[in-house]
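S.K.: Take a look at this one; I'll ask things after.
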Amino acid sequence: MAATSSIDQIPPINKAWTYSEYGQSSQVLKFNTSVPVPQVEENQVLIKLAKYVVGASKVAATASTRKLDLLRSLGADLGIDYTKENFDDLPEKFDVVYDIIGEPERAVKALKEGGNFVAITPPAFTFVLTSTAAILEKLNPYLESGKVKPVIDPKGQFPFSKTVEAFSFLETSRASGKVVVYLIP
1 MAATSSIDQI PPINKAWTYS EYGQSSQVLK FNTSVPVPQV EENQVLIKLA
51 KYVVGASKVA ATASTRKLDL LRSLGADLGI DYTKENFDDL PEKFDVVYDI
101 IGEPERAVKA LKEGGNFVAI TPPAFTFVLT STAAILEKLN PYLESGKVKP
151 VIDPKGQFPF SKTVEAFSFL ETSRASGKVV VYLIP
């Protein structure tokens with residue numbers, strides 16, 4: 001059991017699973033982002049979990065034009081370019097909406113009646129994360145089979161000697177996946 005108030009202290013795979021397991025509107029989780037995190041990261045994990053773990057028949061995700069192909073390659077059935085269309089104006093409504101950008105009014109408009117809304121945004125409150133081992137046990141078959149795997153940004157791989165550059169790249173919020181610092185060449 002661990003208490004935290006910072007998003008960077010929880011492994012992303014655990015964050016996404018926690019949202020899927022407890023995605024009831026009465027159990028919304030919010031996090032404080034004290035470090036820059038590319039907003040697409042949660043989508044990347046949530047798409048895989050929605051498809052393979054939760055069993056969603058259709059997954060829609062929003063992204064900028066340049067990241068739509070990435071979301072589709074991860075399994076999103078519907079890629080919505082938020083620079084060209086408003087997801088909340090679409091005629092199709094959704095069973096579950098995960099808000100990772102802090103626009104709950106828009107997200108709620110995209111819900112079907114009786115749907116679930118999950119906010120994954122600042123500001124923070126302290127909560128207790130339980131059953132980490134159980135979560136990892138449930139995820140392990142998907143990780144081992146390769147159905148769920150991290151997306152590493154092709155430009156986001158750095159040797160240890162360039163750690164400062166890795167953080168600079170992360171701060172641009174342009175990473176399309178994980179930024180990796182290799183400790184051993």
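Counting along the sequence shown from 1, when you hit position 59 you're at 59 in UniProt numbering, and nothing is skipped either side. Ideal Cβ placement from N, Cα and C applies to all residues, glycine included. All values derive from a computational prediction rather than experimental measurement.
1) My output table needs one value for N116: the three-state DSSP class, helix, strand or coil.
2) Where does Q24 sit, in a helix, a strand or coil, going by DSSP?
3) Cβ atoms of V148 and K142: under 8 angstroms apart, would you say?
4) Using the Cα positions of residue 191 and G177, report the straight-line distance between them to the nearest angstrom.
5) Three-state secondary structure (DSSP) at K48?
6) Looking at G156 and residue 221, is the spacing between their C-beta atoms short of 8 angstroms?
7) When the distance is taken between beta carbons, is D153 closer than 8 angstroms to V179?
8) How big is the Cα-Cα spacing for V97 and G115?
9) As a quick exercise: from V164, L68, E92, P159, pick the residue whose alpha carbon is nearest that of D81.
10) Tell me the DSSP secondary structure of V54 in three-state form.
11) May I have the straight-line CA-CA distance separating V108 from P159, to the nearest angstrom?
12) In three-state DSSP terms, what is D95?
13) Express the C-alpha separation of I184 and N86 in angstroms, rounding to a whole number.
14) The beta strand (DSSP E) spanning P150 covers which residue range?
15) Can you tell which of K138, V59, R106, E171 has its C-alpha closest to the C-alpha of L74?
16) Give a yes or no on whether the C-beta atoms belonging to P104 and F117 are separated by under 8 angstroms.
17) Quick one: is G146 buried, meaning 16 or more other Cβ sit within 10 Å of its Cβ, or exposed?
M.R.: Based on what the coordinates show:
1) Within the sequence shown, numbered from 1, the residue matching residue 116 stands at position 116. Strand at N116.
2) Reading the sequence shown from its first residue, position 24 is the one you call residue 24. The predicted model places Q24 with a pLDDT of 41, which falls under 50 and marks its position as unreliable; any figure quoted below should be read in that light. Reduced to three states, the DSSP call for Q24 is coil.
3) The sequence position of residue 142 within the sequence shown is 142, counting from 1. The sequence position of residue 148 within the sequence shown is 148, counting from 1. A small correction: the amino acid at residue 142 is Tyr; Lys does not occupy that position in the sequence shown. Contact flag set, yes.
4) This structure cannot settle anything about residue 191, because the visible part of the chain is limited to 1 through 185.
5) Taking the sequence shown and counting its residues from 1, one reaches residue 48 at position 48. In the displayed model, K48 falls within a helix according to three-state DSSP.
6) No answer is possible for residue 221: the residues shown for the chain start at 1 and end at 185.
7) Counting from one through the sequence shown, the residue named residue 179 turns up at place 179. Counting from one through the sequence shown, the residue named residue 153 turns up at place 153. Against a cut-off of 8 angstroms, the Cβ pair of D153 and V179 comes out as a contact.
8) Here residue 97 is taken as the residue at index 97 of the sequence shown, counted from 1. Here residue 115 is taken as the residue at index 115 of the sequence shown, counted from 1. Taking the straight line joining both Cα atoms gives about 8 angstroms.
9) Residue mapping note: residue 81 aligns to position 81 of the sequence shown, counting from 1. The shortest CA-to-CA distance from D81 to any of V164, L68, E92, P159 is the one to L68.
10) Mapped onto the sequence shown, residue 54 falls at position 54. In the structure shown, V54 sits in a helix (DSSP, three-state: H, G or I).
11) Position 108 of the sequence shown, counting from 1, holds the residue named residue 108. Position 159 of the sequence shown, counting from 1, holds the residue named residue 159. For V108 and P159, the distance between alpha carbons rounds to 43 angstroms.
12) Along the sequence shown, read from residue 1 onward, the residue named residue 95 stands at position 95. Strand at D95.
13) Translated into the one-based positions of the sequence shown, residue 86 becomes position 86. Translated into the one-based positions of the sequence shown, residue 184 becomes position 184. Cα to Cα, the separation comes out at about 45 angstroms.
14) Your numbering for residue 150 matches position 150 in the sequence shown. Where P150 is concerned, there is no enclosing beta strand (DSSP E), given that its DSSP letter is neither H nor E.
15) For the purposes of this step, residue 74 is taken as the residue at position 74 of the sequence shown. Nearest of K138, V59, R106, E171 to L74, Cα basis: V59.
16) Your numbering for residue 104 matches position 104 in the sequence shown. Your numbering for residue 117 matches position 117 in the sequence shown. A contact, by the Cβ cut-off of 8 angstroms.
17) Counted from its first residue, the sequence shown places residue 146 at position 146. By the neighbour-count rule (16 or more Cβ atoms within 10 Å), G146 is not buried but exposed.
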